[in-house]
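Below is one structure, written out as C-alpha coordinates; comments come after it.
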Amino acid sequence: MCNKHHTVKKVPRNQTGRDFVVGDVHGAFETLKGAMRHAHFDITKDRLFVVGDLVDRGPGSERVLEFLAQPYVHAIRGNHDDDIANLGLDELKLLGSVNWNGMGWISDVSDDRLLAIKDALSRLPIAMEVDTSRGRVGLVHAEVPIGMDWHTFTTRLEAGDVDCINSALTGRDRLQRQNASGVAGIDRLFVGHTIQWDGVHQLGNVYVHRHRCGVSRDIQGDGRSHHGQPDLPHISAREPSCRSCERHCRRRRNS
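Numbering (this note's numbering), first residue to last: 87 to 341.
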(Lines of atoms letter the chains of each structure in order from A and count residues from 1; the text may use other names and numbers.)
(Lines give C-alpha, C1' and ligand atoms only; values in the text may rest on other atoms or scores of the structure.)
Protein backbone atom coordinates (compact mmCIF):
# COMPACT_ATOMS: atom_id res chain seq x y z
CA MET A 1 0.00 0.00 0.00
CA CYS A 2 1.02 3.57 -0.67
CA ASN A 3 3.63 4.49 -3.24
CA LYS A 4 5.61 7.14 -1.37
CA HIS A 5 6.34 9.95 -3.85
CA HIS A 6 5.55 12.48 -1.15
CA THR A 7 3.48 11.52 1.86
CA VAL A 8 2.78 14.85 3.54
CA LYS A 9 2.50 18.12 1.61
CA LYS A 10 2.53 21.61 3.13
CA VAL A 11 0.80 24.41 1.24
CA PRO A 12 1.41 28.13 1.95
CA ARG A 13 -1.38 30.64 2.54
CA ASN A 14 -3.43 31.88 -0.39
CA GLN A 15 -2.66 35.60 -0.44
CA THR A 16 -5.09 36.58 -3.20
CA GLY A 17 -8.12 34.29 -3.23
CA ARG A 18 -10.18 31.75 -1.31
CA ASP A 19 -9.53 28.12 -0.39
CA PHE A 20 -12.20 25.43 -0.63
CA VAL A 21 -12.27 21.76 0.33
CA VAL A 22 -14.35 19.05 -1.33
CA GLY A 23 -15.29 15.59 -0.12
CA ASP A 24 -15.00 12.36 -2.08
CA VAL A 25 -15.55 13.30 -5.73
CA HIS A 26 -15.84 9.74 -7.12
CA GLY A 27 -15.81 10.85 -10.73
CA ALA A 28 -18.66 13.37 -10.32
CA PHE A 29 -16.66 16.18 -11.88
CA GLU A 30 -19.70 17.75 -13.56
CA THR A 31 -21.47 18.00 -10.19
CA LEU A 32 -18.34 19.57 -8.75
CA LYS A 33 -18.27 22.12 -11.57
CA GLY A 34 -21.79 23.12 -10.55
CA ALA A 35 -20.63 23.62 -6.97
CA MET A 36 -17.76 25.78 -8.18
CA ARG A 37 -20.08 27.92 -10.30
CA HIS A 38 -22.43 28.33 -7.35
CA ALA A 39 -19.52 29.53 -5.19
CA HIS A 40 -18.34 31.91 -7.94
CA PHE A 41 -15.04 30.03 -7.91
CA ASP A 42 -12.29 32.09 -9.58
CA ILE A 43 -9.80 29.74 -11.23
CA THR A 44 -7.20 32.53 -11.38
CA LYS A 45 -6.91 32.94 -7.61
CA ASP A 46 -9.07 30.44 -5.68
CA ARG A 47 -7.84 26.96 -4.74
CA LEU A 48 -9.69 23.65 -4.46
CA PHE A 49 -8.50 21.01 -2.00
CA VAL A 50 -9.78 17.44 -2.43
CA VAL A 51 -9.72 14.95 0.46
CA GLY A 52 -9.27 11.87 -1.71
CA ASP A 53 -11.34 9.30 -3.61
CA LEU A 54 -11.35 11.09 -6.92
CA VAL A 55 -12.27 7.94 -8.85
CA ASP A 56 -14.69 4.96 -8.94
CA ARG A 57 -18.50 4.85 -8.87
CA GLY A 58 -18.96 8.13 -10.72
CA PRO A 59 -19.47 8.46 -14.48
CA GLY A 60 -16.45 10.67 -15.12
CA SER A 61 -13.70 8.79 -13.29
CA GLU A 62 -11.49 8.46 -16.37
CA ARG A 63 -11.34 12.27 -16.59
CA VAL A 64 -9.32 12.44 -13.38
CA LEU A 65 -6.14 13.24 -15.35
CA GLU A 66 -7.59 16.44 -16.74
CA PHE A 67 -8.96 17.37 -13.32
CA LEU A 68 -5.62 16.90 -11.55
CA ALA A 69 -3.87 18.92 -14.25
CA GLN A 70 -5.75 22.07 -13.24
CA PRO A 71 -3.38 24.44 -11.39
CA TYR A 72 -6.00 25.30 -8.75
CA VAL A 73 -6.51 21.64 -7.71
CA HIS A 74 -4.66 20.24 -4.68
CA ALA A 75 -5.62 16.64 -3.91
CA ILE A 76 -4.68 13.98 -1.39
CA ARG A 77 -5.08 10.24 -1.75
CA GLY A 78 -8.09 8.18 -0.69
CA ASN A 79 -8.43 4.42 -0.45
CA HIS A 80 -9.96 4.18 -3.94
CA ASP A 81 -7.10 6.19 -5.42
CA ASP A 82 -4.62 4.02 -3.53
CA ASP A 83 -6.15 0.84 -4.96
CA ILE A 84 -5.85 2.14 -8.52
CA ALA A 85 -2.28 3.30 -7.90
CA ASN A 86 -1.05 0.02 -6.47
CA LEU A 87 -2.94 -2.79 -8.22
CA GLY A 88 -1.57 -4.22 -11.46
CA LEU A 89 -3.19 -3.64 -14.85
CA ASP A 90 -4.48 -7.20 -15.21
CA GLU A 91 -6.01 -7.15 -11.75
CA LEU A 92 -7.62 -3.75 -12.37
CA LYS A 93 -9.08 -4.94 -15.68
CA LEU A 94 -10.54 -7.99 -13.96
CA LEU A 95 -12.06 -5.91 -11.16
CA GLY A 96 -13.39 -3.45 -13.72
CA SER A 97 -15.10 -6.23 -15.64
CA VAL A 98 -17.24 -7.06 -12.59
CA ASN A 99 -17.56 -3.42 -11.45
CA TRP A 100 -15.96 -4.26 -8.11
CA ASN A 101 -16.18 -1.30 -5.71
CA GLY A 102 -17.27 0.99 -8.54
CA MET A 103 -14.37 0.17 -10.87
CA GLY A 104 -16.55 -0.52 -13.92
CA TRP A 105 -15.22 2.60 -15.67
CA ILE A 106 -11.85 0.87 -16.09
CA SER A 107 -13.29 -1.45 -18.75
CA ASP A 108 -13.61 1.50 -21.15
CA VAL A 109 -10.10 2.88 -20.57
CA SER A 110 -7.05 1.98 -22.67
CA ASP A 111 -4.01 0.46 -20.99
CA ASP A 112 -1.90 3.53 -21.75
CA ARG A 113 -4.43 5.89 -20.21
CA LEU A 114 -4.90 3.65 -17.19
CA LEU A 115 -1.14 3.61 -16.65
CA ALA A 116 -1.12 7.41 -16.77
CA ILE A 117 -3.98 7.53 -14.24
CA LYS A 118 -2.14 5.09 -11.97
CA ASP A 119 0.97 7.26 -12.11
CA ALA A 120 -0.95 10.46 -11.34
CA LEU A 121 -2.77 8.91 -8.37
CA SER A 122 0.45 7.39 -7.02
CA ARG A 123 1.90 10.90 -6.77
CA LEU A 124 -0.85 12.19 -4.48
CA PRO A 125 0.19 12.81 -0.86
CA ILE A 126 -1.62 11.05 1.98
CA ALA A 127 -1.97 14.17 4.11
CA MET A 128 -1.82 17.89 3.55
CA GLU A 129 -1.36 20.93 5.77
CA VAL A 130 -2.67 24.29 4.56
CA ASP A 131 -1.89 27.66 6.10
CA THR A 132 -5.04 29.83 6.26
CA SER A 133 -6.14 33.11 7.82
CA ARG A 134 -7.66 31.13 10.71
CA GLY A 135 -4.72 28.84 11.38
CA ARG A 136 -3.34 25.60 10.01
CA VAL A 137 -5.79 23.21 8.38
CA GLY A 138 -5.07 19.50 8.02
CA LEU A 139 -6.50 17.30 5.29
CA VAL A 140 -6.71 13.50 5.50
CA HIS A 141 -9.02 11.14 3.65
CA ALA A 142 -10.27 9.07 6.60
CA GLU A 143 -8.86 9.88 10.05
CA VAL A 144 -5.98 10.55 12.41
CA PRO A 145 -5.84 7.79 15.08
CA ILE A 146 -7.59 8.69 18.33
CA GLY A 147 -5.13 10.15 20.83
CA MET A 148 -2.42 10.93 18.27
CA ASP A 149 -1.35 14.53 17.64
CA TRP A 150 -0.82 15.97 14.16
CA HIS A 151 2.99 16.16 14.37
CA THR A 152 3.31 12.52 15.44
CA PHE A 153 0.86 11.44 12.77
CA THR A 154 2.59 13.22 9.90
CA THR A 155 6.03 12.11 11.12
CA ARG A 156 4.90 8.49 11.14
CA LEU A 157 3.31 8.85 7.72
CA GLU A 158 6.59 10.12 6.31
CA ALA A 159 8.37 7.17 7.94
CA GLY A 160 6.00 4.74 6.18
CA ASP A 161 4.16 3.58 9.32
CA VAL A 162 1.61 1.08 7.98
CA ASP A 163 -0.89 1.55 10.81
CA CYS A 164 -0.95 5.32 10.33
CA ILE A 165 -1.29 4.94 6.57
CA ASN A 166 -4.23 2.56 7.06
CA SER A 167 -5.88 5.04 9.43
CA ALA A 168 -5.37 7.88 6.96
CA LEU A 169 -6.91 5.91 4.10
CA THR A 170 -9.61 3.73 5.69
CA GLY A 171 -10.06 4.49 9.41
CA ARG A 172 -13.50 5.06 10.93
CA ASP A 173 -12.84 4.60 14.67
CA ARG A 174 -13.27 8.26 15.60
CA LEU A 175 -16.64 8.57 13.87
CA GLN A 176 -17.96 5.18 14.98
CA ARG A 177 -17.11 5.97 18.60
CA GLN A 178 -18.29 9.59 18.25
CA ASN A 179 -14.98 10.59 19.81
CA ALA A 180 -14.84 14.38 20.11
CA SER A 181 -11.34 14.64 21.58
CA GLY A 182 -10.07 16.21 18.35
CA VAL A 183 -6.51 16.24 17.05
CA ALA A 184 -3.91 18.32 18.88
CA GLY A 185 -1.30 20.26 16.95
CA ILE A 186 -3.58 21.38 14.12
CA ASP A 187 -6.31 24.02 14.22
CA ARG A 188 -8.82 22.16 12.05
CA LEU A 189 -8.87 18.80 10.32
CA PHE A 190 -11.07 18.04 7.32
CA VAL A 191 -11.77 14.42 6.36
CA GLY A 192 -14.10 12.47 4.05
CA HIS A 193 -14.46 8.69 3.52
CA THR A 194 -17.61 8.07 5.61
CA ILE A 195 -20.90 9.25 4.07
CA GLN A 196 -22.65 12.10 5.92
CA TRP A 197 -26.05 12.52 4.27
CA ASP A 198 -27.05 15.36 6.61
CA GLY A 199 -24.00 17.52 5.97
CA VAL A 200 -20.92 18.22 8.04
CA HIS A 201 -20.38 16.23 11.23
CA GLN A 202 -18.08 17.87 13.79
CA LEU A 203 -16.06 15.96 16.40
CA GLY A 204 -13.88 18.42 18.28
CA ASN A 205 -11.75 20.16 15.67
CA VAL A 206 -12.39 17.37 13.14
CA TYR A 207 -14.95 18.01 10.39
CA VAL A 208 -16.30 14.95 8.59
CA HIS A 209 -17.81 15.72 5.22
CA ARG A 210 -18.61 13.28 2.51
CA HIS A 211 -21.50 13.07 0.05
CA ARG A 212 -21.29 10.22 -2.44
CA CYS A 213 -21.48 12.70 -5.30
CA GLY A 214 -18.50 14.60 -3.91
CA VAL A 215 -19.96 17.95 -2.97
CA SER A 216 -17.78 20.39 -1.08
CA ARG A 217 -17.16 23.02 1.53
CA ASP A 218 -14.93 26.05 1.80
CA ILE A 219 -12.07 26.45 4.29
CA GLN A 220 -11.75 30.13 4.96
CA GLY A 221 -14.94 32.12 4.36
CA ASP A 222 -18.46 32.62 5.64
CA GLY A 223 -19.54 28.97 5.57
CA ARG A 224 -23.01 29.66 4.23
CA SER A 225 -24.80 26.88 2.39
CA HIS A 226 -28.10 26.39 0.61
CA HIS A 227 -30.48 23.43 0.41
CA GLY A 228 -30.68 21.40 -2.77
CA GLN A 229 -27.86 22.98 -4.76
CA PRO A 230 -24.09 22.58 -4.90
CA ASP A 231 -22.06 24.81 -2.60
CA LEU A 232 -18.48 25.31 -1.44
CA PRO A 233 -18.38 26.71 2.11
CA HIS A 234 -14.93 27.99 3.33
CA ILE A 235 -12.39 25.84 5.24
CA SER A 236 -11.97 28.44 7.97
CA ALA A 237 -15.64 29.31 8.35
CA ARG A 238 -16.69 29.56 11.99
CA GLU A 239 -19.42 26.93 11.53
CA PRO A 240 -18.78 24.98 8.31
CA SER A 241 -21.90 23.33 6.93
CA CYS A 242 -23.04 21.69 3.74
CA ARG A 243 -26.34 20.27 2.52
CA SER A 244 -25.45 20.05 -1.14
CA CYS A 245 -26.93 17.94 -3.95
CA GLU A 246 -28.76 15.67 -1.52
CA ARG A 247 -31.40 14.63 -4.06
CA HIS A 248 -28.75 13.89 -6.69
CA CYS A 249 -26.71 11.88 -4.18
CA ARG A 250 -29.68 9.83 -3.04
CA ARG A 251 -30.64 9.04 -6.63
CA ARG A 252 -27.14 7.67 -7.18
CA ARG A 253 -27.22 5.78 -3.91
CA ASN A 254 -30.43 4.02 -4.97
CA SER A 255 -29.32 3.30 -8.54
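By construction, the Cβ of each residue, glycine as well, lies at the ideal position given by its N, Cα and C atoms.
- Within the same chain, and ignoring the five residues on either side of Thr102 in sequence, the residues whose Cβ sits closer than 8 Å to its Cβ are Lys131.
- The beta carbon of Met214 is closer than 6 Å to those of Lys95, Ile162, Leu225 in its chain, skipping five residues each way along the sequence.
- Assigned with DSSP and collapsed to three states, Gln156 falls in coil, not helix or strand.
- According to the DSSP assignment, Met214 belongs to the beta strand (DSSP E) that extends over 213 to 218.
- In the DSSP assignment, Gly224 forms a beta bridge with Glu215, Leu275.
- By DSSP's assignment, His126 forms no beta bridge with any residue.
- Taking the Cα positions, Gly246 is about 22 Å away from Val136.
- Pairwise C-beta distances place the segment 160 to 174 out of contact with the segment 114 to 131, as fewer than three of them are shorter than 8 Å.
- With a cutoff of 7 Å on beta-carbon distance, Val248 and Phe239 are scored as not near each other.
- Selection Glu244, Arg104, Ala155 evaluated against His92 yields Glu244 as nearest (Cα-Cα).
- In this chain, the beta strand (DSSP E) harbouring Lys96 covers 94 to 97.
- Out of Val216, Phe153, Ala202, the CA that lies nearest to the CA of Asn172 is found in Ala202.
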